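Here's the structure we're looking at; comments come further down.
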Amino acid sequence: MINRIVIFPLILFIKVYQLFISPIIGQNCRYLPTCSEYTAGCLKQFGIFKGTFLSLKRISKCHPWGNHGHDPIPSKLEEK
Numbered sequence: 253m254i255n256r257i258v259i260f261p262l263i264l265f266i267k268v269y270q271l272f273i274s275p276i277i278g279q280n281c282r283y284l285p286t287c288s289e290y291t292a293g294c295l296k297q298f299g300i301f302k303g304t305f306l307s308l309k310r311i312s313k314c315h316p317w318g319n320h321g322h323d324p325i326p327s328k329l330e331e332k
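Per our numbering, residue 253 is the first one in the sequence shown, and the count goes up by one each step.
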């Protein structure tokens, strides 16, 4: 329950970013799903700590000299 309360404002911030900021600056993400979609999914699936860790790890790879392409959210089965 506490996890949902903390995650909700973060997801809301991501949605605001996707609707209002991303169209202005352009979609520059090199991955599918986009980094914002990936972050929202990780937060929902793994919670605040692991979701934030996975998101920061992904965002750090999203630059012109990094990889690109399909990079799905890891499943809970893969983490074992």
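From the three backbone atoms N, C-alpha and C, an ideal C-beta is built for every residue, glycine too.
Source: prediction; values computed, not measured.
Same chain, Cβ closer than 8 Å to residue i, neighbours up to 5 away in sequence not counted
i, result
"S307", "C287, Y290, T291, C294 and L295"
"Y269", "S288"
Proximity winner among the options, relative to residue i (alpha-carbon distances)
i, options, result
"K328", "I277, W317 and K302", "K302"
"M253", "S274, C281, I300 and K309", "I300"
"L284", "R310, F305 and I277", "R310"
"H315", "R282, I277, L271 and F260", "R282"
Proximity below 8 Å, CB of residue i to CB of residue j
i, j, result
"I325", "Q297", "yes"
Contact test: residue i Cβ vs the ligand GDP heavy atom, cutoff 7 Å
i, result
"Y283", "Ligands displayed in this structure: none; no statement on the ligand GDP is therefore possible."
Own chain residues within Cβ distance below 6 Å of residue i, not counting five before or after
i, result
"L264", "none"
Minimum length 4: unbroken alpha helix (DSSP H) runs contained in the segment 300-330: With a minimum length of 4 residues, the continuous alpha helix (DSSP H) runs that stay inside the segment 300-330 are 300-313.
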